[in-house]
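Below is one structure, written out as structure tokens, with a few remarks after it.
There are 2 protein chains.
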Amino acid sequence: MSRSTGLTTADEIRQVALVQFANGGYEGTSMRQIADGVGIRAASLYNHFGSKEEMLWDLTSSALESLTLVCREALDELPDTPTASERLDAFVRAHVKFHIENSDQAQLVNGQMSSLSRQHRRQAVAQRDKYQDELAAILADGVASGEFDLPDERLVLFAILQMGTAVATWYRPSGRLGVDEVCDVYAELAQTIATGRRP
Amino acid sequence: MSRSTGLTTADEIRQVALVQFANGGYEGTSMRQIADGVGIRAASLYNHFGSKEEMLWDLTSSALESLTLVCREALDELPDTPTASERLDAFVRAHVKFHIENSDQAQLVNGQMSSLSRQHRRQAVAQRDKYQDELAAILADGVASGEFDLPDERLVLFAILQMGTAVATWYRPSGRLGVDEVCDVYAELAQTIATGRRP
DNA sequence: GTCTATATATCGATAGAC
DNA sequence: GTCTATCGATATATAGAC
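Now the structure itself:
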């Protein structure tokens, strides 16, 4: 290990490829560019990943797993029998926080999934749908309990998800607002949309 | 003109390239693929566009112009001295309608602008910012008049724009809702966010 | 304005020495 | 597990005949 980080070479490759795929796009990034970023030759990448597409799948799959995990953890940390509003608040904060703090993973999932193979894309879409179902269940429960009043359940689902997803494209740590402040605003917007009034 | 459409060859190229850039990405689309779609050889494309990047710039620029135009027209058609709420309603409807009916142009602007040259990207960003400023002005006026009550002016701007932008990625004509129904819902959501209560 | 032919560069991926 | 060398395919773009 002559390259001074504590990471394995495979993890170094993941780190570099994630940034380059997210910023330059999968098709716009060459194996040689990735290898340059790691400090090895392109041929050596194939000792760690079978193909370029396998690298994209590895990164996409783990990004989706991380996103699902942090949002589920946020819900699990709620006190017993939380209201739908409390669950919505926790979910949106976790969703937005992830998209701020892991913007490369977020942009990969949002922009590069079409470059996956048919089979991997199918799996990724299923994984993403399962994530969205968590929020869909919260909205449905809130409607059933009378807490929420939605013009359209499916469109509100998309609206809340996409508001938060887009944060990954514009948030800069040097900007006007900190992470928690942005999460506060989006949590409030989600409540407003779901209940029809400010929380 | 042996290829049976009323379009010039340049416009046929624009039509094909727009679809392929929007779906497969700029870097993922080759000049040969575009030429195949038109029914000519790749070399012939250079009789109409100086380079591949020039094609992307042509398409990006005209997409941004169209978007700006339809939203400005929607505002111009309002009766004299409209309220901020009326202007917000008109803007959001036009924004969402454009993203449904011109989803390829919308996805090009949203996903492929990073493939433009430095100079063209600078121009495109400026053009997009000018468009966003139209909504920003509506929100600012509504705050000044007391019609709107926003947790954060800039974040609400992004939230409203991105809700509508994302429609281009999921709307299908064969789906559950028609164009006007989707516009209705998003116009209502925007009012809810801006005023703090259902319209 | 389209064609064939080609220039030049780079792509993902493999073989085999070390 | 990294390296050099290279394969075969394909990329953007140009030259010049028709």
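Protein sequences, first through last, are from chains Z and L. Heads up: the first sequence begins at 1 in our numbering, then just goes up one per residue. Heads up: the second sequence begins at 200 in our numbering, then just goes up one per residue. Glycine included, each C-beta is placed from N, C-alpha and C at the ideal position.
Within a Cβ cutoff of 8 Å, which residues of the same chain sit near residue i, ignoring the five residues on either side of it in sequence?
| i | result |
| --- | --- |
| L:Arg320 | Met312 and Ser313 |
| L:Gln219 | Thr228, Gln232, Ile233 and Gly236 |
| Z:Ser66 | Phe98, Asn102 and Gln105 |
| L:Thr391 | Arg397 and Pro398 |
| Z:Ala140 | Glu153 |
| L:Thr259 | Leu307, Val308, Gln311, Met312, Leu315, His319 and Ala323 |
| Z:Thr5 | Glu12 |
| L:Met230 | Ala241, Leu244 and Lys251 |
| Z:Ser174 | none |
| Z:Gln162 | none |
Out of the options, point me to the one whose CA is closest to residue i's CA.
| i | options | result |
| --- | --- | --- |
| L:Gly341 | L:Pro372, L:Ala283 and L:Gly224 | L:Ala283 |
| Z:Val16 | Z:Asp104, Z:Glu73 and Z:Phe158 | Z:Asp104 |
| L:Lys251 | L:Ala386, L:Ala393, L:Val381 and L:Ser316 | L:Ser316 |
| L:Tyr330 | L:Phe357, L:Asp351 and L:Gln318 | L:Phe357 |
| L:Thr394 | L:Ile233, L:Val366, L:Leu349 and L:Val378 | L:Leu349 |
| L:Arg396 | Z:Phe148, Z:Val167 and Z:Gln20 | Z:Phe148 |
| Z:Val70 | Z:Leu45, Z:Phe49, Z:Lys97 and Z:Ile160 | Z:Lys97 |
| Z:Gly164 | Z:Glu27, Z:Ile100 and Z:Asp36 | Z:Ile100 |
| Z:Asn47 | Z:Asp133, Z:Thr8 and Z:Ala136 | Z:Thr8 |
| L:Ile212 | L:Gly224, L:Asn222, L:Gly223 and L:Ser243 | L:Ser243 |
| Z:Ser62 | Z:Leu18, Z:Glu73 and Z:Glu86 | Z:Leu18 |
| L:Ala221 | L:Ala367, L:Asp379 and L:Ser373 | L:Ala367 |
| L:Asp332 | L:Thr267, L:Glu272, L:Asp379 and L:Glu285 | L:Thr267 |
Going along the chain, which residues of its own chain have a beta-carbon closer than 7 Å to the beta-carbon of residue i, five neighbours each way excluded?
| i | result |
| --- | --- |
| Z:Trp170 | none |
| Z:Glu86 | Leu78 |
| Z:Glu27 | Ser115 |
| Z:Ile138 | Ala84, Arg87, Leu88 and Phe91 |
| Z:Ala10 | His48 |
I'd like to confirm the pairing. Which residues does DSSP put opposite residue i in its beta bridges?
| i | result |
| --- | --- |
| Z:Arg198 | The partner list for Z:Arg198 (beta bridge, DSSP) is empty, contrary to what the question assumes. |
Assuming residue i and residue j make a contact with CB atoms under 8 Å, what is their CB distance in whole Å?
| i | j | result |
| --- | --- | --- |
| L:Ala389 | L:Leu287 | 6 Å |
| Z:Val156 | L:Leu354 | The pair is not a contact, with the Cβ atoms about 18 Å apart (cut-off 8 Å). |
| Z:Leu177 | Z:Ile160 | Contact flag wrong, Cβ pair sits at about 19 Å. |
| Z:Gly50 | L:Gly224 | With a Cβ gap of about 23 Å, Z:Gly50 and L:Gly224 do not count as contacting. |
Return the chain-ordered list of same chain residues with a C-beta closer than 6 Å to the C-beta of residue i, the five sequence neighbours on each side being excluded.
| i | result |
| --- | --- |
| L:Gln326 | Leu263 |
| Z:Met1 | Low confidence applies here, because Z:Met1 scores a pLDDT of 45, under 50, leaving its location unreliable and the question unanswered by this model. |
| Z:Ala74 | Ala90 and Ala94 |
| L:Arg271 | none |
| L:Ala365 | none |
| L:Pro281 | none |
Touching or not, the region 276-295 of chain L and the region 377-391 of chain L, by the rule of three or more beta carbon pairs under 8 Å? yes
For the region 74-81 of chain Z and the region 144-153 of chain Z, state whether three or more C-beta atom pairs, one from each stretch, are separated by less than 8 Å. Because the criterion of three Cβ pairs below 8 Å is not met, the region 74-81 of chain Z and the region 144-153 of chain Z do not touch.
Any 3 or more C-beta pairs closer than 8 Å across the region 243-262 of chain L and the region 53-66 of chain Z: no
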